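There are 2 protein chains.
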Amino acid sequence: MVQKNADAPARGRPRKFDTDDVLARARDTFWRYGYAGTSMDQLAAATGLHKPSLYGAFGDKKQLYLAALDNYLADIRVDFAEALAVPGLFDSLDAVIEMSIDRFLRGAENGQGCFMMSTAIPECGEDPEIARAVREAMDMLDRAMARRFQKAMEGGEIADAADPAALGSIMVAAHYDIAGRARAGYALAELRALGDRALELVRVLAPTRN
Amino acid sequence: MVQKNADAPARGRPRKFDTDDVLARARDTFWRYGYAGTSMDQLAAATGLHKPSLYGAFGDKKQLYLAALDNYLADIRVDFAEALAVPGLFDSLDAVIEMSIDRFLRGAENGQGCFMMSTAIPECGEDPEIARAVREAMDMLDRAMARRFQKAMEGGEIADAADPAALGSIMVAAHYDIAGRARAGYALAELRALGDRALELVRVLAPTRN
DNA sequence: TTATTTATGTACCATACCGTATAGTACATA
DNA sequence: TATGTACTATACGGTATGGTACATAAATAA
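Line order of the protein sequences matches chains S and Z. Residues 1 to 210 in my numbering are what the first sequence spells out, letter by letter. Residues 211 to 420 in my numbering are what the second sequence spells out, letter by letter.
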């Protein structure tokens, strides 16, 4: 993306802004208003840059959005990795739910819900590039979740015959369910109840399955 | 909304278009491009009406959208009611999944995914009226699903101690999961596999729970 | 110094947007 | 026939849109 080789001495006039910072602000703006609902003027105002700087740094609106999406996915990937690295399986799943809900409600009024669901999903109707990015992100979450159950199986935490992918799908489906409801304005307690319900399902199923 | 009292003899020149028909076409256009991504000119072209007629009949863009959302929700409510009316619990749940997937993939290229998720969810960030409509629709689905399990419990199909709401949440979460993936371009077989997985979960849980 | 490179601001362009005004027409009741 | 309503068709108004030209500023390279 943006060439930022630390060793390359930077030829011309240096940037006055930090790319990640700008990206984060742009992401929050898209988050709130959606992709089509966000104008470049809004983005310029939100980032503090002038439009030519935005265009110079990112190309056009869609490329800026894709960069913001990448930024979001990279962030959430880290969050998931951390939560899934928690030792006990159920502590780990609990951390996942907690992290998701926290992310979906972050900033109270601005940027509720899941960035991907709220801004990328609608665009999938007409933009195959965005659709592909969404599928990849979803696949990645599926795999990460299944791996966690696999690990728990290998570690003897759950029955040997358990199906890691099926168990993972409970968590993933709950994740998207909670994401949508967070956007629609459901209260924290309601979201948490949904998460607890999913955890309970896993708890009942994991050791007994076949 | 649109005054269409059948008993009122309709004073002036009658409408040449059918409101539901126009609404369905508008809905499909919103479905494909999203709310913010759809212009009134597109809607006029899609419905065959001229803009003044659209404004005259529906008010403005947002009211037209809300009418289209109502139209969609009414349709899907009927579909759910039919599927949930199928006698056997598991036949009924199977019908629900089948119906959802069919709806999400209907029209191949146009209008993939769930209309509400693809067009209303993004707007929830800034529009409390739409957010409320989404919450109501979600609540309704929750209740309808729980009622079906309740009925199965009372009919002796599943264990008496089962939690209808918890079982329902499996189906509902799977529904939203499938909705998002349909929009992102997952293949029919993949969606069906997710549905089957949810059904299997219910099958394992329903009779054994507590 | 001077040239080169890149970023920054201001102003701007062409187009698209939502919504409406206008002007005439068709169909109903009174 | 008179009147009220809703249609068709076109054009427009004011603004917002995505994107850019242009002059200037700040850094490095020669």
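In this text, a Cβ means the ideal position worked out from N, Cα and C, and glycines have one as well. Predicted model only: the values in this text are computed from it and were never measured.
Query raised in the report: Measuring CB to CB, does S:Ala83 end up less than 9 Å from S:Ala74?
Result: no
Requested in this report: Can you have a look at Z:Ala236 and say buried or exposed, based on whether 16 or more other CB atoms are within 10 angstroms of its CB?
Outcome: buried
Query raised in the report: Going by the beta-carbon positions, is the gap between Z:Arg345 and S:Tyr176 smaller than 9 Å?
Result: no
Query raised in the report: When burial is assigned at 16 or more other CB atoms within 10 Å of the CB, is S:Gln112 buried or exposed?
Result: buried
Requested in this report: Give the secondary structure of S:Ser53 by DSSP, where H, G and I count as helix, E and B as strand, and everything else as coil.
Outcome: helix
Report task. Would you mind giving the Cβ-Cβ distance between Z:Glu333 and S:Arg32, rounded to the nearest angstrom? I have them listed as a contact below 8 Å. Result -> In fact, because the Cβ distance is near 11 Å, the residues do not count as touching under 8 Å.
Requested in this report: Compare the C-beta of Z:Glu333 against all C-beta atoms of chain S and say whether one is closer than 9 Å.
Outcome: yes
Query raised in the report: In angstroms, rounded to a whole number, what distance separates the CA positions of Z:Leu274 and S:Ala161?
Result: 52 Å
Requested in this report: Could you list which residues in chain S have their beta carbon closer than 8 Å to that of Z:Gln322, in chain order?
Outcome: Cys124 and Gly125
Requested in this report: Report buried or exposed for Z:Met326, applying the criterion of at least 16 other Cβ atoms within 10 angstroms of its Cβ.
Outcome: buried
Query raised in the report: How many Å lie between S:Val22 and Z:Ser310 at the Cα?
Result: Note on geometry: alpha-carbon atoms of S:Val22 and Z:Ser310 lie some 40 Å from one another.
Query raised in the report: For chain S, is any of its Cβ atoms less than 9 Å away from the one on Z:Asp304?
Result: no
**Report entry** Residue-chain proximity (S:Tyr72, chain Z), Cβ-Cβ < 9 Å
**Finding:** no
**Report entry** Proximal chain S residues relative to Z:Leu411, where beta-carbon distance stays under 8 Å
**Finding:** Ala166, Ile170, Leu201 and Leu205
**Report entry** Contact set for Z:Leu299: own chain, Cβ-Cβ below 6 Å, skip 5 residues either direction
**Finding:** Ala362 and Glu367
**Report entry** Z:Arg223 in three-state terms, based on DSSP
**Finding:** coil
Query raised in the report: Looking at S:Ala81 and S:Ser92, is the spacing between their C-beta atoms short of 9 Å?
Result: no
Query raised in the report: Which chain S residues are close to Z:Thr329, counting only those with a beta carbon under 7 Å from its beta carbon?
Result: Pro122
Query raised in the report: Cβ atoms of Z:Leu279 and Z:Thr343: under 9 Å apart, would you say?
Result: A small fix is needed here, since residue 343 of chain Z is Ala in this sequence, not Thr. A contact, by the Cβ cut-off of 9 Å.
Query raised in the report: With a cut-off of 9 Å, does the C-beta of Z:Ile309 fall near any C-beta of chain S?
Result: Residue 309 of chain Z is actually Met in this sequence, not Ile. No, Z:Met309 does not count as interfacial toward chain S.
Query raised in the report: So S:Leu167 packs on S:Ile178, CB below 8 Å; how close in whole Å?
Result: Contact flag wrong, Cβ pair sits at about 17 Å.
Query raised in the report: Straight-line CA distance for Z:Asp228 to Z:Phe314?
Result: 25 Å
Query raised in the report: In chain order, which continuous runs of the alpha helix (DSSP H) of length 4 or greater are located wholly inside the segment 89-139 of chain S?
Result: 89-105
Query - Extent of the continuous alpha helix (DSSP H) to which Z:Ala375 belongs - result: Residues Pro374 to Ala394.
Query raised in the report: Can you give the Cα-Cα distance for Z:Arg358 and S:Leu54, rounded to whole angstroms?
Result: 53 Å
Query raised in the report: Taking 8 Å as the cut-off, is the CB of Z:Pro338 close to at least one heavy atom of the ligand GTP?
Result: The ligand GTP is not part of this structure, which contains no ligands at all.
Requested in this report: Check the Cβ-Cβ distances between S:Pro52 and every residue of chain Z, and say whether any is below 9 Å.
Outcome: At a cut-off of 9 Å between C-beta atoms, S:Pro52 does not count as an interface residue with respect to chain Z.
Query raised in the report: In whole angstroms, what is the alpha-carbon distance linking Z:Ala347 and Z:Arg353?
Result: 10 Å
Query raised in the report: Count the other CB atoms within 10 Å of the CB of Z:Ala383; is the residue buried (16 or more) or exposed (fewer)?
Result: buried
Query raised in the report: So what's Z:Val414 in DSSP terms, helix, strand or just coil?
Result: Look at Z:Val414 here: in three-state DSSP terms it is helix.
Query raised in the report: Does S:Asp20 get closer than 9 Å to chain Z when you measure Cβ to Cβ?
Result: Judged by the 9 Å Cβ criterion, S:Asp20 is not in contact with chain Z.
Report task. Determine the closest residue to S:Ser118 out of S:Met171, S:Ala182 and S:Ile170, with distance taken between C-alpha atoms. Result -> S:Ala182
Requested in this report: Quick one: measure Cβ to Cβ for Z:Ala356 and Z:Pro374, integer angstroms, because I've assumed they're closer than 8 Å.
Outcome: 4 Å
Query raised in the report: When burial is assigned at 16 or more other CB atoms within 10 Å of the CB, is Z:Asp349 buried or exposed?
Result: exposed
Report task. Identify the contact partners of S:Gly195 in chain Z, using a Cβ-Cβ distance below 8 Å as the criterion. Result -> None at all; the shortest Cβ gap to chain Z is about 11 Å.
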